[in-house]
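> Position 44 of the sequence shown, counting from 1, maps to 60 under this note's numbering, and the rest follow consecutively.
For each residue, glycine too, the CB sits at the ideal point set by N, CA and C.
Just dropping this structure here.
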Amino acid sequence: MKKTLFIAFLFIGIATQAQDKKTAEKTQIVETACGECQFGMKGNACDLAVRIDGKAYFVDGTTIDQHGDAHAKDGFCNAIRKAAVTGKVENNRFKVTSFTLVKEK
Numbered sequence: 017m018k019k020t021l022f023i024a025f026l027f028i029g030i031a032t033q034a035q036d037k038k039t040a041e042k043t044q045i046v047e048t049a050c051g052e053c054q055f056g057m058k059g060n061a062c063d064l065a066v067r068i069d070g071k072a073y074f075v076d077g078t079t080i081d082q083h084g085d086a087h088a089k090d091g092f093c094n095a096i097r098k099a100a101v102t103g104k105v106e107n108n109r110f111k112v113t114s115f116t117l118v119k120e121k
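If you want it as structure tokens, here you go:
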């Protein structure tokens with residue numbers, strides 16, 4: 017009986033770890049810019065977006081104004097930049113948990 021319980025708990029632990037790995041967020045480098053100005057998305061104002069695997073998503077969790085002047089020469093409305101992000105796509109939007117611009121070389 018003890019052996020059976022031990023084996024059952026062992027399998028539950030392994031299954032839980034496997035599920036955690038599937039849902040773990042990884043950092044990825046993506047294109048980022050104003051969704052309306054640079055990615056041609058429909059919207060009401062200048063809003064931050066990311067492009068992942070060729071598809072653009074508006075961003076929740078940070079805003080276009082938190083990363084400098086969007087209308088500057090290198091701002092999001094005038095240039096597509098790179099960012100290291102973590103997060104996930106939910107309801108056709110990117111829910112960001114971290115967002116760091118990558119310095120241009």
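#1: Provide the residue span of the beta strand (DSSP E) that contains GLY91, from first to last.
#2: Give a yes or no on whether the C-beta atoms belonging to THR116 and ALA100 are separated by under 8 Å.
#3: Quickly, what does DSSP pair ILE80 with across the bridge? List them, please.
#4: If you count every other CB in all the chains shown that lies within 10 Å of the CB of THR39, and 16 or more means buried, which is it?
#5: Considering just the uninterrupted stretch of the beta strand (DSSP E) at GLU47, what are its terminal residues?
Once the coordinates are examined:
#1: Looking at the DSSP string, GLY91 is not in any beta strand (DSSP E), and its letter there is neither H nor E.
#2: yes
#3: For ILE80, which the question treats as bridged, DSSP gives no partner whatsoever.
#4: Bear in mind that the predicted position of THR39 carries a pLDDT of just 49, short of 50, making it unreliable; the figure below should be weighed with that in mind. Exposed, since its Cβ has fewer than 16 Cβ neighbours within 10 Å.
#5: 44-50
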